[in-house]
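Asks: Structure incoming, see below.
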Amino acid sequence: MKRFAIAALSALLGAALVAGPSAAQAWPGDAPLSVPKSKLDRALACRGGMDRLNGNGKKQPVLLVHGTGVTRRQNWGWNYWDVLHQRGFEVCWVQLPGRALGDAQKSSEYVARAVTVIHRRTDEKVDVLGHSQGGLEPRWAIKWFPSARHVADYIGLASPNHGTVVADTAAEGDGCFPACWQMRRVAEFIGALKRGEETPGPIHYTNVYTDSDQLVQPSGTSELAGGSNIRIQDICPARPVDHVGIVGDYVTFKLVMDALTQPGPARPRRLPATVCASGSMPGAGAPPPETANLADFSQGQPTDHEPPLKPYAQP
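Take the sequence shown: its letters are residues -9 to 305, numbered as in the numbering used here.
Printed below as a string of structure tokens:
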């Protein structure tokens, strides 16, 4: 009987090892990477070069994560890449594969690795600023890669945190690129992000959105449970800030700086009374024409289905 019990137990353990963690189990440690670390590392660049990234002890390093259909330079090169550097921040940015049109789970590996590398080099926590889809990958990285949880502040600008009707419509038509499928309101990717805590860890979550967003609709679907959700029009009624313009907007800039320099997430009450009088953030240039891609779900190679959830993210 004892020998039979041991054999039965061994069989059960073997089956569990083959099957991997069950739906009720947390994935042990970091989720497995599908991209070589050497390739992930090549996608990260910091102002002045990686060799100079050592932590200045004054301000936490900032990682910029771009949105859909653009490069990191097209998204950030005319605004925060220069402006944060001028204000004494160590600034880094990551280039997501294929201009972030592919599987967002894969893109999230680039963000997870970037946070890990920056933390190891500086011995400081990292502040993450993401725009559009670039607000989703950091959340995925924080949720599924514990080594990427060395984040002090998460700041999302115009991020489709609960999906968007624009992606719904695109997918129902002739199909759309993989990341578009993952930004539908009923996407499994969005469902996995919502499952459990939406704002896990001892991280300050700031989420800024605008009613004038032509991509994230309804605009309120951007709100994160447990985060500091800030609607620009609650500060400046009728302010015309769209999906692209939010990364050059003065009010948004003041909220970003408040989150980066003050305790906790951004708080509108700390903004100056004159904040609505200015249009563009200081130091911002003109957005390149490619930024129109950020709100264009007809680009790229269309597919007829959402990428399947990775085993570690399945319910």
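Even for Gly, the Cβ is constructed at its ideal location relative to N, Cα and C.
Would you mind reading off the limits of the beta strand (DSSP E) that contains Gly39?
Replies: Looking at the DSSP string, Gly39 is not in any beta strand (DSSP E), and its letter there is neither H nor E.
Asks: What residues are listed by DSSP as bridge partners for Ser270?
Replies: Answer by DSSP bridge pairing, in chain order: Asp239.
Asks: Using the beta-carbon count (16 or more within 10 Å), is Asp248 buried or exposed?
Replies: Asp248 comes out buried.
Asks: Find the nearest neighbour of Gly59 within the set Leu299, Asp286, Arg257, judged by alpha-carbon distance.
Replies: Comparing Cα-Cα distances from Gly59 to each of Leu299, Asp286, Arg257, the minimum goes to Asp286.
Asks: Spatial neighbours of Gln64 within its chain, please: CB distance less than 7 angstroms, with the 5 preceding and 5 following residues excluded, ordered by chain position.
Replies: So the qualifying residues of the chain are Pro278, Glu280, Thr281.
Asks: Here's the rule: buried if 16 or more other CB atoms are within 10 angstroms of the residue's CB, otherwise exposed. What is Asn44?
Replies: Under this definition Asn44 is an exposed residue.
Asks: Go through the region 40 to 75 residue by residue and report every complete run of the alpha helix (DSSP H) that reaches 4 residues or more, in order.
Replies: Segments of the alpha helix (DSSP H) lying fully in the region 40 to 75: 62 to 66.
Asks: Let me know the secondary structure DSSP gives Ala16 once reduced to three states.
Replies: Reliability of the predicted coordinates at Ala16 is poor, the pLDDT of 47 falling under 50, and the value obtained from them is presented with this limitation in mind. Ala16: coil per DSSP, three-state reduction.
Asks: So Trp130 and Gln95 are supposed to be a Cβ contact under 8 angstroms. How far apart are they, rounded?
Replies: Indeed they touch by this definition, with Cβ atoms about 7 angstroms apart.
Asks: Would you mind stating whether Ala161 and Arg174 have Cβ atoms separated by less than 7 angstroms?
Replies: Yes, these two residues count as a Cβ contact at 7 angstroms.
Asks: Do you know whose CA, among Gln223, Pro87, Tyr199, Cys226, lies nearest Gly217's CA?
Replies: Checked all of Gln223, Pro87, Tyr199, Cys226; the closest Cα to Gly217 is Tyr199.
Asks: Just list the residues that DSSP pairs Ile220 with in beta bridges.
Replies: Val198, per the DSSP bridge assignment.
Asks: Going by DSSP, which residues form a beta bridge with His377?
Replies: Because the chain spans -9 through 305 in this model, residue 377 falls outside it and cannot be assessed.
Asks: Counting Cβ pairs, one atom from each stretch, are 3 or more of them under 8 angstroms apart for the region 255 to 272 and the region 228 to 245?
Replies: Judged by Cβ distances under 8 angstroms, the region 255 to 272 makes contact with the region 228 to 245, as three or more pairs qualify.
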